[in-house]
Amino acid sequence: MIALPYDYFLIAWFVIAAASTAYVSFDQFNGNPEPTVMKWGFILVTLYMGPFGLLIYVLADKEPHPGEHEQFTSPLWKQGIGSTIHCVAGDATGIILAATITALLGLPMWIDLIVEYVAGFTFGLFIFQSLFMKKMMGGTYWENVRKSFMPEFISMNAMMAGMAPTMSLLMMGRDMRAMDPLELVFWGVMSLGVMVGFATAYPFNVWMVKKKIKHGLMTERVGDAASRTHHEGHEEQHDSGHHGGGMQHGGGHRMDGEATVPQLVALAGVTSFLLISGMVLPGFSVNLGLSARDVDGAIMPPGMINTFDLPGEAMKDMAAVKPRQVVYKAPPDAKGDRVLEPRVENGVKVFEIEASIIQWNILPDVAVEAYAYNRQVPGPRLQLTEGDHVRINFHNALPETTTVHWHGLIVPNEMDGPAKITQKPVPPGGSYTYEFTVGQNGTYFYHSHDHPDRQQALGLYGALLIAPKDPSAEVKADLDYTIQLQEWLKREWLTYPAMLMEGALPNYFTINGKAYPSTDTVPMKVGQTIKLRFIGTNNNFVHPMHVHGGPFEVVAVDGVTLNESARYQADTVNVGPGQRYDVVWTARKPGKWLVHCHIPHHTTNNNVEQKGGGGLMLVLDVK
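In this text, residue positions in the sequence shown follow this note's numbering: the first is 41, and each later residue adds one.
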């Protein structure tokens, strides 16, 4: 999935890695004189490390001119490269296979690390070292297992000491697509982990080559004359102390170890400490108890503070909407809050509502991935009359469960909508029918009540306006306009639920799904009145909504019409989440009069003013 800018880098990286691997493969089997196991070692390492593997091959192993391989590879630093190569090729292969399998099985990260270590050590010792290198080591298979155990143990510890924290912190960090083998980021983390592991294992391998307990780079030529040259190069390098530059003709590669037992024990102890530290310490920063299934490829907002005790369910709630889940791209000029006309069946008003994920433009150049009812934000307006019997057939086209709550309405309990309390959540692809008789009038709204901190914040809400049975009870005005408030968090191409998260605050704000200057301009004439219905469909903030051009009269609060004696004059009302205010404003003078939130940040778009403002602003244009 292309979701973040570095996804393009990863695509380029793996294209270069493939090209690098192809070159190393061709060159190795077309003239580079070394054993087959080393050829494959360099091929595998280049596959894992991309251009860095190619660089190592060219600098340390590629024969510059025919017959010069022994001399070219003789320096100790190059011999250390060779030793690290066949360590990494074997160990990393086992680690990557284990990481893939454990992720697909849904095992926790801490188990994954243990399995990776065991698999890497097993593959490196029993297959790549003792089996594939049996010819050059001489002796029986099990003799080679015994000889290779301690060097492989030290090398594997050092390598995993680098790989483990790299994988833990990146896989359980911000972008947890890295836990999923089906995502490119997973392989990017694997590649980076191998590079870090190579770097941490290299100095230990240099020491072990110097002490003649591990093989370095080797030369293998065909023919008697070549063999003599091969043998002579080996002897020359052995005498100089740079062991591993050649193979002895007709026998095994001499391994006259010079390391003492205390040295080996000390080295094993130090690398074991580094290994344990690398596997345990990340657990103080990220939650290693979670699996790939627990986090479901969540991408956390930039700046979000991750902790070792942050649950997987919380991560999924806070995560970005996955662009691949968008089923509909609304036209840039599409409007929400469109009236939904019911059909009438035996006197019952029947509405059809569907929840899905869409792309929605809050500004001409700013689109969000939104959860939407009937492919619009806000959802369709339901206009009812007190006493109506209504049936709402709801279908869930989201990739997660959801419900619908009728905010402020007195309905049968089983129709109220709280998930797992009054009803089972509606599963993806499922349906539910809500049916009740409307016994109230006024300004209400409907919204999700299953993970509403995510779903409502992403757009699952809509106005529910109920006219009184007695038309004379309605507070009259020349115009009627509904204002539904919302907050959004859009960063690095992705849309996150605008919930209150550590390090992440909303940066866009909308009225009826649009941010100023894309909000409506309402035309009026001097002397006309307008009823403004403020609805707190937002999740987080109290919005002090202010109208320029004179005070208004507050005529209803939370759907309840105030008695005339209780009505009052104001120029600002504090609209909190879930609250509703009906106010009547009179156009006293011509001009463009603002309706806006009085928190300045909420009248910007990504902290920028456009045409005098942004966000929660609209204009009453009085002629």
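Every residue, glycine too, gets a C-beta built ideally from N, C-alpha and C.
From the options, pick the residue whose C-alpha is nearest to that of residue i; which is it?
i: residue 514; options: 624, 329, 560; result: 624
i: residue 133; options: 452, 121, 82; result: 82
i: residue 144; options: 214, 92, 332; result: 332
i: residue 538; options: 419, 505, 496, 507; result: 496
i: residue 572; options: 519, 605, 589, 315; result: 519
i: residue 617; options: 136, 525, 637; result: 525
i: residue 253; options: 321, 489, 194, 459; result: 194
i: residue 639; options: 215, 627, 654, 626; result: 654
i: residue 419; options: 395, 428, 661, 227; result: 395
i: residue 91; options: 122, 56, 110; result: 56
i: residue 563; options: 107, 622, 627, 239; result: 627
i: residue 555; options: 260, 205, 256, 651; result: 651
i: residue 439; options: 660, 328, 411; result: 411
i: residue 500; options: 631, 577, 342, 644; result: 577
i: residue 315; options: 238, 242, 196, 169; result: 196
i: residue 164; options: 150, 181, 188, 180; result: 188
i: residue 75; options: 259, 206, 250; result: 259
i: residue 115; options: 256, 248, 181, 150; result: 256
i: residue 217; options: 47, 557, 558, 59; result: 47
i: residue 494; options: 300, 309, 168, 359; result: 359
i: residue 605; options: 594, 613, 599; result: 594
i: residue 385; options: 357, 356, 432; result: 432
Is residue i helix, strand or coil when you go by DSSP?
i: residue 520; result: strand
i: residue 491; result: coil
i: residue 385; result: strand
i: residue 408; result: strand
i: residue 143; result: helix
i: residue 538; result: coil
i: residue 399; result: strand
i: residue 266; result: Because the pLDDT at residue 266 is just 38, under 50, the model does not fix this residue reliably, and the point stays unresolved.
i: residue 429; result: strand
i: residue 607; result: coil
i: residue 158; result: helix
i: residue 303; result: helix
i: residue 317; result: helix
i: residue 348; result: coil
Check the DSSP bridge columns for residue i and list the partner residues they point to.
i: residue 527; result: 549
i: residue 574; result: 523, 621
i: residue 482; result: 506
i: residue 650; result: 653
i: residue 564; result: 662
i: residue 634; result: 659
i: residue 554; result: 551
i: residue 421; result: 379
Beta carbon of residue i, beta carbon of residue j: below 8 Å?
i: residue 152; j: residue 162; result: no
i: residue 223; j: residue 41; result: yes
i: residue 447; j: residue 474; result: no
i: residue 527; j: residue 579; result: yes
i: residue 85; j: residue 136; result: no
i: residue 335; j: residue 208; result: no
i: residue 442; j: residue 488; result: yes
i: residue 547; j: residue 646; result: yes
i: residue 318; j: residue 204; result: yes
i: residue 374; j: residue 423; result: no
i: residue 602; j: residue 610; result: no
i: residue 343; j: residue 544; result: yes
i: residue 328; j: residue 212; result: yes
i: residue 60; j: residue 99; result: no
i: residue 612; j: residue 585; result: yes
Would you mind sorting residue i into buried or exposed? The rule is 16 or more other CB atoms within 10 Å of its CB.
i: residue 128; result: buried
i: residue 105; result: exposed
i: residue 408; result: buried
i: residue 146; result: exposed
i: residue 552; result: buried
i: residue 581; result: buried
i: residue 273; result: Any answer about residue 273 is weak, because its pLDDT of 35 lies below 50 and its placement is not dependable; what the coordinates show is given next. Residue 273 is buried by the Cβ-count criterion.
i: residue 398; result: buried
i: residue 656; result: buried
i: residue 621; result: buried
i: residue 364; result: exposed
i: residue 368; result: exposed
i: residue 723; result: An answer regarding residue 723 cannot be provided, because it is not within the stretch 41 to 663 covered by the chain.
i: residue 265; result: For residue 265, the predicted model reports a pLDDT of 38, less than 50, meaning its position is unreliable; a value from the coordinates is still stated below. Exposed: under 16 other Cβ atoms inside 10 Å.
i: residue 186; result: exposed
i: residue 243; result: exposed
i: residue 587; result: buried
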